[in-house]
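Participant: Last residue of the sequence shown: number 208 in this note's numbering, and the count goes up by one each step with no gaps.
Backbone N, C-alpha and C define an ideal beta-carbon position, used for all residues, glycine too.
Just so you know, these numbers come straight off a predicted model, no measurement behind them.
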Amino acid sequence: MSTGIKFLHKESLFTFIENKYDDLKNDMGWDLLFCRYENMLSPQYPVAFFGINPGGGPCDTNAISVESECAYYSEPWKGCEEGEAPLQQQMRALYTMIGDELGVSYKRLMDGSLMTNYIPARSRNWHSLKEKAEWLEHARQIWDERVKQVHCKLYIAISRIVFDELDSHLTKQGVTVHQPPVDSQI
């Protein structure tokens, strides 16, 4: 069953997210990708990282993508120098390990992979996100379409919620997912 989302068209996906954002009267902004939009369609590396939703303070630029370098290493976050926020340091370490296996730098790997949040709506943290159920259903439509059309060999989920969501999408496509050893509620 197709959702009718034309995520191959950046403007169509922007409108799909913006309409939900307006309907749910969120007020902190939204971001979907922390990489170039082309990585949504044809990443250079078959690696996909999914956070749960953008955190921190309000942002007044609703954006589908970051068309320069990946935001996980190139932007100042939470009052830290560019790329030095704790999550950015952890991502750099993870992507350095993966990049070492592939023979590429963490920057090249991050710039050539899908780097996203499952839910685009921003909130201070997951627990303060309003209308979680509606946002999850909205995100399922986006990621069902993406998983049907673009395949990755490695999916990384930052939370149990996102892991379970990705497991559902991938299972629908006939992929077997290995359960993580830790049972976390976020």
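Could you check whether the region 158-165 touches the region 83-96, counting it as contact only if at least three pairs of C-beta atoms, one from each stretch, sit closer than 8 Å?
Facilitator: Short answer: they don't touch.
Participant: Which value, in whole angstroms, describes the spacing of the CA atoms of E103 and G196?
Facilitator: Position 81 of the sequence shown holds residue 103. Position 174 of the sequence shown holds residue 196. Near 42 Å, if we compare the C-alpha coordinates of G196 and E103.
Participant: Tell me where the beta strand (DSSP E) around M119 begins and ends.
Facilitator: Taking the first residue of the sequence shown as 1, we reach residue 119 at position 97. Note, M119: premise wrong, no beta strand (DSSP E); alpha helix (DSSP H) at P108 to L124.
Participant: For G101, which option in A85, G78 and I120 has the closest C-alpha, if you only look at C-alpha atoms?
Facilitator: Residue numbering aside, residue 101 sits at position 79 when the sequence shown is read from its first letter. Residue G78 is the option with its Cα nearest to G101.
Participant: Within a Cβ cutoff of 8 Å, which residues of the same chain sit near G121, ignoring the five residues on either side of it in sequence?
Facilitator: Residue mapping note: residue 121 aligns to position 99 of the sequence shown, counting from 1. So the qualifying residues of the chain are S127, Y128, R130 and L131.
Participant: Under 8 Å: do the region 108-121 and the region 28-48 share three or more Cβ pairs, one atom per stretch?
Facilitator: No, the region 108-121 does not touch the region 28-48.
Participant: Rounded to a whole number of angstroms, what is the C-alpha to C-alpha distance between M23 and I178?
Facilitator: Taking the sequence shown and counting its residues from 1, the one referred to as residue 23 is at position 1. Taking the sequence shown and counting its residues from 1, the one referred to as residue 178 is at position 156. A caution first: M23 carries a pLDDT of 46, below 50, which makes its placement in the model too unreliable to give a value.
Participant: Within the continuous beta strand (DSSP E) that includes A85, where are the two ends?
Facilitator: Indexing the sequence shown from 1 puts residue 85 at position 63. No beta strand (DSSP E) contains A85, which DSSP labels as neither H nor E.
Participant: Spatial neighbours of A85 within its chain, please: CB distance less than 6 Å, with the 5 preceding and 5 following residues excluded, ordered by chain position.
Facilitator: As a first step, residue 85 is located in the sequence shown; it is residue number 63 there, counting from the start. These residues qualify, in order along the chain: D53.
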